[in-house]
Structures are given as C-alpha cells and as structure tokens.
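Using my numbering, read the sequence shown as starting at 3 and increasing by one per residue. Glycine included, every Cβ here is placed at the ideal spot set by N, Cα and C.
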Amino acid sequence: MAVELNPQQAQDKMEKQQRQVDILSQRIQMLESENGKLIDLLERHDIDAGIPQHKHMELPPPVTEAIDDTSEAFALLAGPELRMLEELFKEDIFVLERSETQVDVGHWLNKGTLWIAATDTEMSVFAAGKKPHIEKAPFELIKKSFYNHITGELVLAPASGLTQNKVKLAPAVAEQLLAQIYQ
C-alpha cells in the first residue's frame, strides 16, 4: 500500500536522499584517493598491488587518422580554446573531446570547461581562461588508467605530477581514450 506524502514531506525526503548521495559521493572520492596513494606507495616499494590490467579486447580500436579542423570537435571549440589548441599541438590530434569537468581558470564567477586530447604519444587536458590550465602526460606514464563507472570519470593513473587526473566523460568517449593509451 503506497503512502501519500504531502509536498513538504516529499521535499524533506528528497533533501534527505540528496544529503545521503552527497555523503556517499564524498566517501567514494576519499576511498579512490586513498587507494591511489596506497597503490603509489606499493609501487615505490616494488610490491605488486594485484590490480588487474585493463582488458584491451573490450576497447574499440584506436583512432589512426588524425582529426582536422573541420571535425565536429573543432566546431565546439570557442575562440580562446581554439587558439590554445593551435599553440599547444604541433603534432596530429587523434581524439579531441569536451568533458563535463570544470576547472579554475581565473574567472570570478565561472570555471572553464576541461578539454582532453590524445596525440600519437600523449594525453593532454586543457582549459582556456585568464589562468589557462594545461597538463600533458605521455601514454607510458598513464598505463594504469581506467574508467570509473560510478563517478563517470576517466582516471589517468598513476598520474604522478598531474593535478587534474580525473575527467568526467561519457563511457564511449573514455573507452576510446583508453584505447589510445593502450594501443
């Protein structure tokens, strides 16, 4: 038998559930951070962490043709992002995607959208703004990267030196980027 709630009770119940979701999300992020630190510590001491490697056969084939400036991804780039991309990359880009991740780029009221690009040898994340965000990681340094289906993020691992190692992406896009890394 269904119990009908008045609007205030329904609102209270939704707020309580949202608080629970927020708490659980924070716990997940904390545990992921602790796991990453533990894995790094074990690797520094040459201890096999027993982490299963990504199954390459589940991934799509890597993109082998470079994208050009008439592609759909380039059309989404704003002027500052396009200029930044042209300055950053002298080599061919095989995958270029706009993420849902927002980073501080020196604007008072809003953050910049993080873009992710894969060349033949490295992964780059960047966002345009007064204080641009630019980071690059060679594929050989992020060979333990994976997609976290719970948070919807591509996690670039072990990512030593990267400040932005989690990028919120659709699963299909993340799998394509993983295919580029593991090619």
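Hey, could you find the ends of the alpha helix (DSSP H) residue i is sitting in?
i           : result
residue 23  : 9 to 46
residue 175 : 173 to 183
residue 74  : 74 to 78
When the distance is taken between beta carbons, is residue j closer than 8 Å to residue i?
i           : j           : result
residue 164 : residue 139 : yes
residue 101 : residue 23  : no
Pick helix, strand or coil for residue i, following the three-state DSSP scheme.
i           : result
residue 107 : coil
residue 89  : helix
residue 158 : coil
residue 60  : helix
residue 6   : coil
residue 114 : strand
residue 67  : coil
residue 54  : Confidence at residue 54 is low in this model, with a pLDDT of 47, below 50, so its placement is unreliable and no value can be given for it.
residue 84  : helix
residue 164 : coil
Beta carbon of residue i: closer than 7 Å to some heavy atom of the ligand SAH?
i           : result
residue 155 : The ligand SAH is not among the ligands present in this structure, which contains no ligands whatsoever.
Along the chain, where does the beta strand (DSSP E) containing residue i start, and where does it finish?
i           : result
residue 140 : 135 to 140
residue 148 : 148 to 150
residue 130 : No beta strand (DSSP E) contains residue 130, which DSSP labels as neither H nor E.
residue 145 : That residue, residue 145, is in no beta strand (DSSP E); it is neither H nor E in DSSP.
Measuring CA to CA, which of the options is closest to residue i?
i           : options            : result
residue 98  : 75, 90, 110        : 75
residue 69  : 149, 106, 119      : 119
residue 125 : 104, 115, 147, 110 : 147
residue 64  : 96, 133, 132, 131  : 96
residue 109 : 22, 162, 60, 131   : 131
residue 29  : 152, 15, 114, 161  : 152
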